[in-house]
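One structure is given below, encoded as structure tokens.
There are 2 protein chains.
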Amino acid sequence: MMTGERKSYRREGQEVRREAMIAATLDLISEGGIAAATVRAIAEKADVTPGLIRHYFKTKEDLTRAAYQSLMDKMTTANGRVLDTAPAAPAARLAAFVAASLRPPVVDPSAMGLWAGFIHQVQQDPLIREVHRATYLGYRDLLQDLIAALPRQADAARLRAEAIACNGVIDGLWLEACALPEAFVKDELAEIGLRSVGAILGMDLLTEVETKT
Amino acid sequence: MMTGERKSYRREGQEVRREAMIAATLDLISEGGIAAATVRAIAEKADVTPGLIRHYFKTKEDLTRAAYQSLMDKMTTANGRVLDTAPAAPAARLAAFVAASLRPPVVDPSAMGLWAGFIHQVQQDPLIREVHRATYLGYRDLLQDLIAALPRQADAARLRAEAIACNGVIDGLWLEACALPEAFVKDELAEIGLRSVGAILGMDLLTEVETKT
DNA sequence: CCTACAATTATGCAAGCGTATAATTGAGTG
DNA sequence: CACTCAATTATACGCTTGCATAATTGTAGG
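Those protein sequence lines, which keep their order, are chains A and B. Counting from 1, one number per residue, gives the positions in the first sequence under this note's numbering. Counting from 1001, one number per residue, gives the positions in the second sequence under this note's numbering.
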């Protein structure tokens, strides 16, 4: 009979389910904005029943927080990984870092939607705000370390200002590329980014990077 | 008697009502994100009944579009006005433009929330997307004109790249300042912006601007 | 093999959403 | 002053939302 067949399922560990729900949440937000991430939609995408979400997350706000935390963690570790395969020379390391931030997969239309979807929560929820703050400052400190390693002499105040400026350039160009991807030709943004960061720091970064084919 | 008193009202022109509804929409989005801009909330803030919204806007999506258009118009004309009171010297004009973009009232926590709230609509609705595109390119062209007026010689391709880069710096710094206003001291960002744009263009813009008290 | 318990599903509810439609009322016109 | 019609309000409907609670079922341990 086709009436009232109860859904069959497998028992899973808490870790697996939580991660599936978080992934589903992020997918939905990037696809259709925060409004699309309803409890029911998340449940369906995670192949689970709405009730189970309440079992693992006290409230939907809780799930949202966890999703943001997870997103930030991913971005942070991704940033670190770029440097693992980078050359040892300070200028080349910085150049590789900048270029990687302005090319796919970092430049990705869906990434901006995801990022924008959380903006409002960042401003309202103190917990989320703190995660945002820590991530942002961590990224900037990493950039500042790369700049400090360059063969120049610069005091702390100048390093700070340069790091803020370079971070601004990267963020801004990243934004432009995500928002209007068809407005730029391939690698144009990365080249502009390298030239600009180089100009801010008073050096040539363009020759440090091989044009990847 | 306190039963069933019908709301008293004044008849208004179509212009007045539409503008009030648009303003209410923008206020609500900036305060509480796109989710807070419900038809009922908009109506209350505009001191009007939900039904009237439907009378002036065929659908809520229509109102959203009109609100975005209005927002972009305001930003565009505000940008133009800065240049009206600016000096005549090209470098000073550019410097004034850059500095103004990185200080209040352009730098405003609520502005970013507003901007972010529309991001998703920009990506999905072709009409809104076109408005966004036109506004963005208009701003960049204005910047490019300011750069082109500088006493240098530069070909078209270089001008384009420089305009993109400068726009990126301004956007990125604007974003940083809006997102974490307490992370910077007063005028720090404007100074960094002037220094960075100057570095990209190979000139000194800092001396072009008086520090406003 | 069965028993017990946590993992999971199913059902239901109150509130809020956008929208449709009908009833009122303010204000200009003769 | 009455008439008229657009501007405005009021009411209602169907749908979705987050959340609570009760009923099941997969699975590990004796």
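Think of the CB as a built atom: it goes at the ideal place given N, C-alpha and C, for glycine as much as any other residue.
Pick from the options that is closest to residue i, judged by C-alpha positions
{"i": "Gly1113(B)", "options": "Met112(A), Ser110(A), Gly117(A) and Ala111(A)", "result": "Gly117(A)"}
{"i": "Thr1025(B)", "options": "Lys1045(B), Asp1084(B) and Gln1014(B)", "result": "Lys1045(B)"}
{"i": "Leu96(A)", "options": "Pro104(A), Ala20(A), Ala86(A) and Ala156(A)", "result": "Note that residue 96(A) is Ala in the sequence shown here, rather than Leu. For the residues Pro104(A), Ala20(A), Ala86(A) and Ala156(A), the minimum Cα distance to Ala96(A) belongs to Ala86(A)."}
{"i": "Glu1162(B)", "options": "Ala149(A), Glu188(A) and Gln153(A)", "result": "Glu188(A)"}
{"i": "Arg158(A)", "options": "Arg1140(B), Glu1191(B), Leu1142(B) and Arg1158(B)", "result": "Glu1191(B)"}
{"i": "Asp1125(B)", "options": "Asp1062(B), Ala1037(B) and Pro1090(B)", "result": "Asp1062(B)"}
{"i": "Leu28(A)", "options": "Ala37(A), Met21(A) and Ala20(A)", "result": "Ala37(A)"}
{"i": "Ala99(A)", "options": "Trp115(A), Ile128(A), Tyr56(A) and Asn79(A)", "result": "Asn79(A)"}
{"i": "Arg10(A)", "options": "Val48(A), Gly138(A), Val131(A) and Gly172(A)", "result": "Val48(A)"}
{"i": "Ser1101(B)", "options": "Leu1083(B), Glu1012(B) and Ala1041(B)", "result": "Leu1083(B)"}
{"i": "Leu1194(B)", "options": "Ala156(A), Val169(A) and Met21(A)", "result": "Val169(A)"}
{"i": "Gln1144(B)", "options": "Arg1160(B), Pro1050(B) and Arg1152(B)", "result": "Arg1160(B)"}
{"i": "Pro1105(B)", "options": "Ile1042(B), Lys1074(B) and His1132(B)", "result": "Lys1074(B)"}
{"i": "Ile1147(B)", "options": "Ala1134(B), Ile1164(B), Thr1135(B) and His1132(B)", "result": "Ile1164(B)"}
Exposure of residue i, with buried meaning 16 or more beta-carbon neighbours within 10 Å
{"i": "Ser30(A)", "result": "buried"}
{"i": "Ala1179(B)", "result": "buried"}
{"i": "Leu1137(B)", "result": "exposed"}
{"i": "Gln1153(B)", "result": "exposed"}
{"i": "Ser1196(B)", "result": "buried"}
{"i": "Ala177(A)", "result": "buried"}
{"i": "Thr64(A)", "result": "buried"}
{"i": "Gly51(A)", "result": "exposed"}
{"i": "Val1185(B)", "result": "exposed"}
Own chain, CB closer than 8 Å to residue i, minus 5 neighbours either side, in chain order
{"i": "Ala1092(B)", "result": "Ala1086, Glu1208 and Val1209"}
{"i": "Lys1060(B)", "result": "Val1039 and Ile1053"}
{"i": "Leu1150(B)", "result": "Pro1090, Ala1091, Leu1094, Leu1201 and Met1203"}
C-beta neighbour in chain B for residue i, strict 7 Å
{"i": "Ser196(A)", "result": "yes"}
{"i": "His120(A)", "result": "yes"}
{"i": "Ile192(A)", "result": "yes"}
{"i": "Gly224(A)", "result": "Residue 224(A) is absent from the structure shown; chain A starts at 1 and stops at 213."}
{"i": "Ala199(A)", "result": "yes"}
{"i": "Gln144(A)", "result": "no"}
Chain A contact for residue i (CB, 7 Å cutoff)
{"i": "Lys1176(B)", "result": "The sequence shown places Glu at residue 1176(B), not Lys. Closer than 7 Å to some Cβ of chain A, the Cβ of Glu1176(B) qualifies, so yes."}
{"i": "Met1001(B)", "result": "Residue placement at Met1001(B) is poorly supported in this model, since its pLDDT is 41, which falls under 50; the coordinates are not used for a value here."}
{"i": "Ala1154(B)", "result": "no"}
{"i": "Ile1164(B)", "result": "yes"}
{"i": "Ala1043(B)", "result": "no"}
{"i": "Gln1069(B)", "result": "no"}
{"i": "Asp1171(B)", "result": "yes"}
{"i": "Leu1206(B)", "result": "no"}
Expected contact under 8 Å - CB spacing of residue i and residue j to nearest Å
{"i": "Tyr56(A)", "j": "Ile128(A)", "result": "Between Ile128(A) and Tyr56(A) the Cβ distance is about 19 Å, and since that is not below 8 Å, they are no contact."}
{"i": "Ala1199(B)", "j": "Ala199(A)", "result": "4 Å"}
{"i": "Asp171(A)", "j": "Leu1175(B)", "result": "6 Å"}
Neighbourhood of residue i by C-beta, 7 Å cutoff - its chain only, sequence neighbours within 5 removed
{"i": "Glu1015(B)", "result": "none"}
{"i": "Pro181(A)", "result": "Pro109"}
{"i": "Leu173(A)", "result": "Leu102, Leu189, Ile192 and Gly193"}
Beta-carbon proximity list for residue i, same chain, < 6 Å, skipping 5 on both sides
{"i": "Arg103(A)", "result": "Ala190"}
{"i": "Glu12(A)", "result": "none"}
{"i": "Ala1066(B)", "result": "Ile1022"}
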